[in-house]
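Peer 1:
Numbering (this note's numbering), first residue to last: 517 to 991.
1. Three or more C-beta pairs under 8 Å: does that hold for the segment 791 to 801 against the segment 911 to 927?
2. Quick test of your reading: residue 876 and residue 864, contact by CB under 8 Å. State the CB separation rounded to the nearest angstrom.
3. At what residues does the beta strand (DSSP E) containing residue 790 begin and finish?
4. How long is the line joining the alpha carbons of residue 965 and residue 596, rounded to whole angstroms?
5. Considering only the alpha carbon of each residue, which of 808, 601, 749, 889 lies closest to residue 686?
6. In angstroms, rounded to a whole number, what distance separates the CA positions of residue 723 and residue 734?
7. Taking C-alpha atoms, which residue in 833, 769, 770 lies nearest to residue 821?
8. Could you tell me whether the segment 905 to 918 touches the segment 765 to 785, using the rule of 3 or more Cβ pairs below 8 Å?
9. Given a cut-off of 9 Å, decide if residue 647 and residue 982 are closer than it, judged by their beta-carbon atoms.
10. Rounded to a whole number of angstroms, what is the C-alpha to C-alpha distance between residue 616 and residue 664?
11. Grouping DSSP H, G and I as helix and E and B as strand, with all else coil, what is residue 939?
12. Checking 9 Å against the spacing of the C-beta atoms, do residue 836 and residue 604 come in under that value?
13. Assuming residue 816 and residue 901 are in contact, meaning their beta carbons sit under 8 Å apart, how far apart are those beta carbons, in whole angstroms?
14. Spatial neighbours of residue 783 within its chain, please: C-beta separation below 7 Å, excluding the five flanking residues on both sides.
15. State the DSSP-derived secondary structure class of residue 538, mapped to helix, strand or coil.
16. Hey, which unbroken runs of the beta strand (DSSP E) at 3 residues or more fall wholly within the segment 526 to 598?
17. For residue 612, which of helix, strand or coil comes out of DSSP?
18. In three-state terms, what does DSSP make of residue 635?
19. Taking residue 707 and residue 564 to be in contact with their CB atoms under 8 Å, please state how far apart those CB atoms are, rounded to whole angstroms.
20. Run through DSSP, which three-state label would residue 520 get?
21. Following the continuous beta strand (DSSP E) through residue 734, name the residue where it begins and the one where it ends.
22. Count the other CB atoms within 10 Å of the CB of residue 567; is the residue buried (16 or more) or exposed (fewer)?
23. To the nearest angstrom, how far is it from the Cα of residue 940 to the Cα of residue 963?
24. Whole angstroms are fine: how far does the CA of residue 936 sit from the CA of residue 943?
25. To which residues of the same chain is residue 934 closer than 7 Å at the C-beta, ignoring the five residues directly before and after it?
26. Residues bridged to residue 815 by DSSP?
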């Protein structure tokens, strides 16, 4: 397939062409909707708002529980869809589909926790606080983890009694649309959850600029997130932003090096490195750096790159041509400036199987200066920079030397070191002797340029409910 045939939209911008990133083949087309269609979806949501809000939260939760059951019943079909449009290997796609179902089940389980407060105040009378839905909510989800992040956004909003209009990423809309269909089959009324396909510049911008939204949730890169926040702020719409990250992984001298190396490989090369909380900077104690680098190289050599639908593949392609072009540009900048030592990778894998699609080798670069582009840019792909630190204090300083603050991890056998790093690292999530995984029970989000607000956990309801105070005094 020619490069010009891989464009995501047609020349007329009437349809979006969904492309398999491993083969370059056309999977299907979806409408390229814009301002008028977004406005219509919001209008429809507003007409069903009152009826949906009056339902008991437990009833709303039961629908999500049934939706999870239907999703699990189709896990293999949905995983194949996800692999085809996103590129990740089938086992990763299955895990994401199961993760989506986990989120639905979690919010089913906590749906009965939504309640207000009542308190007698002698000098005022009887006071109570009502928890009410905020109104129609908007959600803009990304292409790297399209299904599970869709669930993060819509589940608390729906259980809280709000209709939701979702704009999925233009390169990965198909699985999201199918899951929305299953949620409707589970009992979700028409109009309560609507998926509007389109580009970010058109449908996404229109949703972000909608003045009547009660809340808007966005996941994506930091620069786009700022534009989304500005558009929402002009209308006073509150936002949750989960933006870029440059997660540091600190490996102490007393760490289990084999476990840490396995964690680094999984944390960097999972989903071809296209995860906000991926290990993007590996900081290793200088006394164990050489040994640790050898372990990394051995484990990287075992990665099998290819079409994620094939057996035995452990890393698929990047999702789109622009993503791979960005990786090439960053690596060219780094190597042309003689920044660091290329240990492995750094190019397209050799062989006929890689002539189509957006493949890139798992790559390791060491001995980088602190001002290297690889350490100061969010690298959204399979490139792992490794640097050393003389002690934990220096490692923490290096880890915090970034505008991002999404996630971080520390690998050590010493609980005091773990607690120290956890308190001093500028990150919304800190892992100890693990990285990347987080259950739906716990709040997730970042600080600094990595965003604002939190998704997941029962605390996510706070974004989708407003408090109304009522004070009653006897006549």
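Every residue gets a Cβ at the ideal spot worked out from N, C-alpha and C, and that includes glycine. If you're wondering where the values come from, they're calculated on a predicted model, not measured in any experiment.
Peer 2: The short version:
1. yes
2. For the purposes of this step, residue 876 is taken as the residue at position 360 of the chain shown. For the purposes of this step, residue 864 is taken as the residue at position 348 of the chain shown. Residue 876 to residue 864, Cβ: 6 Å. Contact.
3. Residue numbering aside, residue 790 sits at position 274 when the chain shown is read from its first letter. Counting along the chain, residue 790 falls outside any beta strand (DSSP E), and DSSP gives it neither H nor E.
4. Taking the chain shown and counting its residues from 1, the one referred to as residue 965 is at position 449. Taking the chain shown and counting its residues from 1, the one referred to as residue 596 is at position 80. Cα to Cα, residue 965 sits roughly 34 Å from residue 596.
5. Counting from 1 along the chain shown, the entry for residue 686 is found at position 170. Measuring from the Cα of residue 686, the nearest candidate turns out to be 601.
6. Here the question's residue 723 lines up with position 207 in the chain shown. Here the question's residue 734 lines up with position 218 in the chain shown. So the alpha carbons of these two residues sit roughly 11 Å apart.
7. Numbered from its first residue, the chain shown carries residue 821 at position 305. Checked all of 833, 769, 770; the closest Cα to residue 821 is 833.
8. yes
9. The residue given as residue 982 occupies position 466 in the chain shown. The residue given as residue 647 occupies position 131 in the chain shown. Contact flag set, yes.
10. For this step, residue 616 is matched to residue 100 along the chain shown. For this step, residue 664 is matched to residue 148 along the chain shown. Rounded to whole angstroms, residue 616 to residue 664 spans 4 Å at the Cα level.
11. In the chain shown, the residue the question calls residue 939 occupies position 423. Helix at residue 939.
12. As a first step, residue 836 is located in the chain shown; it is residue number 320 there, counting from the start. As a first step, residue 604 is located in the chain shown; it is residue number 88 there, counting from the start. For residue 836 and residue 604, no; Cβs fall outside 9 Å.
13. Mapped onto the chain shown, residue 816 falls at position 300. Mapped onto the chain shown, residue 901 falls at position 385. Not really, about 13 Å apart at Cβ, beyond 8 Å.
14. Here the question's residue 783 lines up with position 267 in the chain shown. 765, 794, 795, 951, 952.
15. Sequence index remark: in the chain shown, residue 538 carries index 22 (1-based). Coil.
16. 531 to 535, 542 to 547
17. Looking up residue 612 in the chain shown gives position 96. In this structure, residue 612 counts as helix in the three-state DSSP scheme.
18. Counted from its first residue, the chain shown places residue 635 at position 119. Three-state DSSP puts residue 635 in a strand.
19. To locate residue 707, count along the chain shown from 1; it is residue 191. To locate residue 564, count along the chain shown from 1; it is residue 48. Their Cβ separation, rounded to whole angstroms, is 4 Å, which keeps residue 707 and residue 564 in contact under 8 Å.
20. Counted from its first residue, the chain shown places residue 520 at position 4. The predicted position of residue 520 is uncertain, since its pLDDT is 33 and thus under 50; a value taken from the coordinates is nonetheless stated next. Three-state DSSP puts residue 520 in a helix.
21. Taking the first residue of the chain shown as position 1, residue 734 is located at position 218. Note, residue 734: beta strand (DSSP E), 731 to 735.
22. Translated into the one-based positions of the chain shown, residue 567 becomes position 51. Exposed, because fewer than 16 other Cβ atoms sit within 10 Å of the Cβ of residue 567.
23. In the chain shown, the residue the question calls residue 940 occupies position 424. In the chain shown, the residue the question calls residue 963 occupies position 447. If you take the alpha carbons of residue 940 and residue 963, they lie about 13 Å apart.
24. Sequence index remark: in the chain shown, residue 943 carries index 427 (1-based). Sequence index remark: in the chain shown, residue 936 carries index 420 (1-based). Approximately 13 Å, taken between the alpha carbons.
25. If you number the chain shown from 1, residue 934 lands on position 418. The residues are 926, 928, 948.
26. In the chain shown, residue 815 corresponds to position 299, counting from 1. Answer is none; residue 815 lacks a bridge partner.
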